[in-house]
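Colleague: Before I ask anything, here is the structure I am working with.
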Amino acid sequence: MFTGLIRHLGILESRSPRPGGARLRIAAPADLLARAEQGASIAVNGACLTSVAVDGRAWEAELSEETLEKTTLGRLPMGAALHLEPALRVGDPLDGHLVSGHVDGIGQLVSRPQGGQGLAEGLWRFSLPAALAPMTAPKGSLAVDGISLTVVDCGGDWFTVALIPETVKRTALDGLRPGGAVNLEADPIGRFVARALALRGSDEKLAKFAQGGWNG
Numbered sequence: 001m002f003t004g005l006i007r008h009l010g011i012l013e014s015r016s017p018r019p020g021g022a023r024l025r026i027a028a029p030a031d032l033l034a035r036a037e038q039g040a041s042i043a044v045n046g047a048c049l050t051s052v053a054v055d056g057r058a059w060e061a062e063l064s065e066e067t068l069e070k071t072t073l074g075r076l077p078m079g080a081a082l083h084l085e086p087a088l089r090v091g092d093p094l095d096g097h098l099v100s101g102h103v104d105g106i107g108q109l110v111s112r113p114q115g116g117q118g119l120a121e122g123l124w125r126f127s128l129p130a131a132l133a134p135m136t137a138p139k140g141s142l143a144v145d146g147i148s149l150t151v152v153d154c155g156g157d158w159f160t161v162a163l164i165p166e167t168v169k170r171t172a173l174d175g176l177r178p179g180g181a182v183n184l185e186a187d188p189i190g191r192f193v194a195r196a197l198a199l200r201g202s203d204e205k206l207a208k209f210a211q212g213g214w215n216g
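If you read the sequence shown in our numbering, its first letter stands for residue 1, the second for the next number, and so on.
Here's what the structure looks like:
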């Protein structure tokens with residue numbers, strides 16, 4: 001389990017094919033490596049991976065074919081900056097929202113603020129896979145490449161977020177350009193509510209929930 005608060009950035013050093021998947025080597029800061037002992041869970045751009053090896057400057061993880069297919073980790077270039085977060089421990093502050101590290105889909109950046117725009121007119125707009133639409137609502141949370149963000153507005157195939165300069169500075173989002181792909185994970189609350197309503201066959205209530213937000 002994770003919080004979506006990114007305190008560490010890593011660098012993708014290599015991606016080696018393996019039977020049934022691939023192996024990543026990721027350079028990381030010393031304080032992250034101290035939490036990346038063999039068997040530890042580390043979220044990489046929002047995808048929960050297990051450390052299989054670590055040394056003084058990098059750690060390694062193995063990816064299944066499904067992870068390569070359903071996340072962006074199989075398409076990132078060497079040298080790409082990565083959002084890293086060690087697993088939440090008992091007693092750690094929960095500063096974002098609960099993130100499982102199980103990516104629900106891939107979105108794309110549609111547009112981002114131009115220089116000089118403030119928060120009000122400077123929203124970041126992303127595409128939204130159809131499967132995530134019932135679980136996404138204004139004022140709800142969404143993990144974007146592992147970052148806990150609050151949805152400002154959304155439609156059937158898009159959503160917007162407002163990013164403060166501090167978030168952009170501390171993450172790799174400053175290098176993201178329109179068309180760039182991101183991993184998305186729905187808020188567990190939205191997922192469970194959508195599932196419960198679907199089981200009750202309440203399409204009308206589900207549509208009202210999606211339009212009205214958490215407080216609608």
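Heads up, the beta-carbon is just placed ideally off N, CA and C, and yes, glycines get one too.
Expressed to the nearest angstrom, what Euclidean distance is found between the alpha-carbon atoms of S14 and V90?
Modeller: 33 Å
Colleague: Here's the rule: buried if 16 or more other CB atoms are within 10 angstroms of the residue's CB, otherwise exposed. What is G155?
Modeller: exposed
Colleague: Since L9 contacts L84 with CB under 8 Å, what's their CB separation in whole angstroms?
Modeller: 7 Å
Colleague: Please state if the CB of L128 and the CB of D157 are separated by a distance shorter than 7 Å.
Modeller: It is a contact, given that the beta carbons lie within the stated cut-off.
Colleague: Output needed for A40: all residues of its chain with C-beta closer than 8 Å, excluding positions within five of it in sequence on either side, in chain order.
Modeller: The residues are T50, S51, P86 and A87.
Colleague: Whole angstroms is fine: what's the gap from H102's alpha carbon to W59's?
Modeller: C-alpha separation (whole angstroms): 20 Å.
Colleague: Name, in chain order, the residues that DSSP records as bridge partners for H83.
Modeller: DSSP output for H83 lists L9 as bridge partner(s).
Colleague: Determine the closest residue to L184 out of T171, M78 and F159, with distance taken between C-alpha atoms.
Modeller: F159
Colleague: Quick check on this structure: which residue in P93, A162 and P134 has the alpha carbon closest to the alpha carbon of L123?
Modeller: Distances from the CA of L123 to each of P93, A162 and P134 were compared; the closest alpha carbon is that of A162.
Colleague: I need the straight-line Cα distance from A81 to F2, nearest angstrom please.
Modeller: 19 Å
Colleague: Give, in chain order, every unbroken run of the beta strand (DSSP E) that is at least 3 residues long and sits entirely within the segment 37 to 91.
Modeller: 41 to 44, 47 to 54, 58 to 64 and 81 to 86
Colleague: Considering only their Cβ atoms, is the gap separating L24 from V54 smaller than 7 Å?
Modeller: Their beta carbons are not under 7 Å apart, which means V54 does not touch L24 by this criterion.
Colleague: Does DSSP put V193 in a helix, in a strand, or in coil?
Modeller: helix
Colleague: How many whole angstroms separate the CB atoms of A22 and I11, which I take to be in contact at a CB cut-off of 8 Å?
Modeller: So it is not a contact: roughly 17 Å between Cβ atoms.
Colleague: Apply the 10 Å Cβ neighbour rule to D174 and answer buried if 16 or more other Cβ atoms are within range, or exposed otherwise.
Modeller: exposed
Colleague: Along the alpha helix (DSSP H) that carries V168, what are the first and last residues, could you check?
Modeller: P165 to R170
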